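Heads up: the sequence shown at position 3 corresponds to 6 in our numbering, and the numbers run straight through without jumps. Glycine residues also receive a C-beta, built at the ideal position from the N, C-alpha and C atoms. The structure displayed is predicted, hence computed values, not measured ones. Here is the structure we will look at, set down as structure tokens.
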Amino acid sequence: MSAATAVADFPVSRIPVVNVATVPQRSPLRYPGGKTWLIPHIREWLRHAGARLLIEPFAGGGIATLTAIAENLVGEAVMLEIDRDVAAFWRGAFESGTTLAERVRQFEPTLESLNKLLNEPPRSLEEHAFRTLVLNRTRRGGILAPGASFSRQGENGRGILSRWYPDTLAERLLALQNCNDRITFLEGDGVKLLPSLLRGWGRQAAVFLDPPYTGDGGKRAGSRLYAHSEVDHARLFALLAKYRPCFLMTYDASPQIIDLVRKHDFDAVLLSMKNTHHNQMPELVITSSPLFA
Ligand SMILES: C[S@@+](CC[C@H](N)C(=O)[O-])C[C@H]1O[C@@H](n2cnc3c(N)ncnc32)[C@H](O)[C@@H]1O
């Protein structure tokens with residue numbers, strides 16, 4: 004069976020992909036591959052799961068965790084991230100968000116100030132967090148992977164300033180301080196750490212997984228967007244099959260992923276969404292039990 008036929012075999016989700024402008028944006032990070040458009044699915048899944056804890060092993064911009072905690076869809080959450088710059092951001096944001104917010108309000112992004120930030124190694128966790136946030140908001144597409152360039156045009160030709168909204172960013176950082184006692188951030192490999200978390204929490208945990216794309220089917224987005232884009236997808240699927248938590252996982256509908264969904268008899272629906280070049284990219288929302296067909 005060709006990959007195209009296999010994709011067409013999945014039902015389309017009954018929940019439409021939303022315009023991201025209609026969903027509260029809670030993350031200070033602007034994340035390539037961010038899943039804000041998936042929030043209605045995440046909300047319905049968590050209401051159905053009734054879990055006490057949310058585990059997000061590939062946190063990135065942390066959109067699922069921040070939404071679930073702010074909207075009281077779970078009591079607590081654990082976020083994991085392997086990228087040391089992104090991890091420094093989250094640790095710094097939870098530990099000293101108020102000071103970071105003040106720095107954001109006072110910073111003026113110019114090519115000179117950005118290059119200084121880029122070339123001087125951070126001397127503290129707070130500096131490291133600030134550096135990650137500034138680079139994330141001023142680089143083209145929010146890309147932090149090595150080799151990314153600063154925005155030249157951006158919104159309204161404002162270049163590096165096109166995504167630098169100091170007041171909004173400061174407010175999002177301050178809002179995190181209201182929920183940091185309910186979120187645990189762990190720096191490390193989400194695939195390696197997942198089994199011990201699942202052993203501890205069992206059926207009381209819900210797991211939201213948004214790994215880097217496989218790069219199959221001609222979309223090598225993962226390696227361009229993230230410094231860490233290699234994930235053992237087969238191992239991840241096998242772990243979910245072994246521990247059987249309530250999970251929602253989102254992936255590119257590549258032949259490898261379609262095979263893994265079938266192999267483990269997971270449920271999946273198709274979503275059609277536009278990528279940054281406005282091409283249609285089929286995305287699979289994979290769940291432990293049927294929910295969106
Ligand atoms: C698709 S992004 C997540 C985007 C996020 N869902 C959002 O909406 O902002 C994938 C993230 O997983 C991280 N990552 C890759 N491999 C990982 C691993 N083994 N453990 C933890 N994080 C990993 C990447 O650095 C990247 O930040």
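- Per DSSP, reduced to three states, the secondary structure at R142 is strand.
- Linking L177 to A132 through their CA atoms gives a straight-line distance of about 14 Å.
- In the three-state reduction of the DSSP assignment, F92 falls in the helix class.
- For H236, the closest alpha carbon among the candidates P248, V210, R247, V264 is that of V264.
- Following the DSSP letters along the chain, one finds A54 in no beta strand (DSSP E), marked with neither H nor E.
- In the DSSP annotation of this structure, the continuous segment of the beta strand (DSSP E) that includes E190 starts and ends at 186-190.
- Boundaries of the alpha helix (DSSP H) harbouring T68: 66-73, taken from the DSSP string.
- Closer than 7 Å to some heavy atom of ligand 1: that describes the Cβ of E84.
- Taking 7 Å as the cut-off, the C-beta of V210 does not count as close to any heavy atom of ligand 1.
- The C-beta distance from T187 to V77 rounds to 12 Å, too long to fall under 8 Å, and the pair is not in contact.
- Taking C-beta atoms under 8 Å as the contact rule, L49 and A62 fail to qualify, at a distance of about 16 Å.
- Secondary-structure assignment with DSSP links V15 through a beta bridge to L273.
- When C-beta atoms of the region 39-54 are compared with those of the region 82-100, fewer than three pairs fall below 8 Å, so the two segments do not count as touching.
- The continuous stretches of alpha helix (DSSP H) do not include E111, and DSSP gives it neither H nor E.
- Within the same chain, Cβ atoms closer than 6 Å to the Cβ of P214 are found at F61, V234, the five residues on either side in sequence being excluded.
- When C-beta atoms of the region 267-275 are compared with those of the region 7-25, three or more pairs fall below 8 Å, so the two segments count as touching.
- At least one heavy atom of ligand 1 is found less than 7 Å from the C-beta of Y34.
- Look at the beta carbons and you see the region 192-211 not touching the region 114-128: under three pairs across the two are nearer than 8 Å.
- Annotation: R87 to K266 spans about 34 Å, alpha carbon to alpha carbon.
- According to DSSP, residue pairing for A148 in a beta bridge does not occur.
- Put simply, the region 64-75 does not touch the region 105-116. Fewer than three CB pairs are less than 8 Å apart.
- Taking one beta carbon from each stretch, the region 180-196 and the region 30-37 have fewer than 3 pairs nearer than 8 Å; the two do not touch.
- Shortest gap from the CB of G64 to any heavy atom of ligand 1: under 7 Å.
- Boundaries of the beta strand (DSSP E) harbouring E84: 79-84, taken from the DSSP string.
- Restricting attention to R238, F211, D262, the CA atom closest to the CA of C249 is found in F211.
- The three-state reading of DSSP puts V20 in coil, since its state is none of H, G, I, E or B.
- Note on geometry: alpha-carbon atoms of A148 and K119 lie some 18 Å from one another.
- For Y254, the enclosing beta strand (DSSP E) begins and ends at 249-255.
- Nearest Cα to P198 within the set P169, A244, E174, A230: A244.
- The shortest CA-to-CA distance from M252 to any of V89, T290, E79 is the one to T290.
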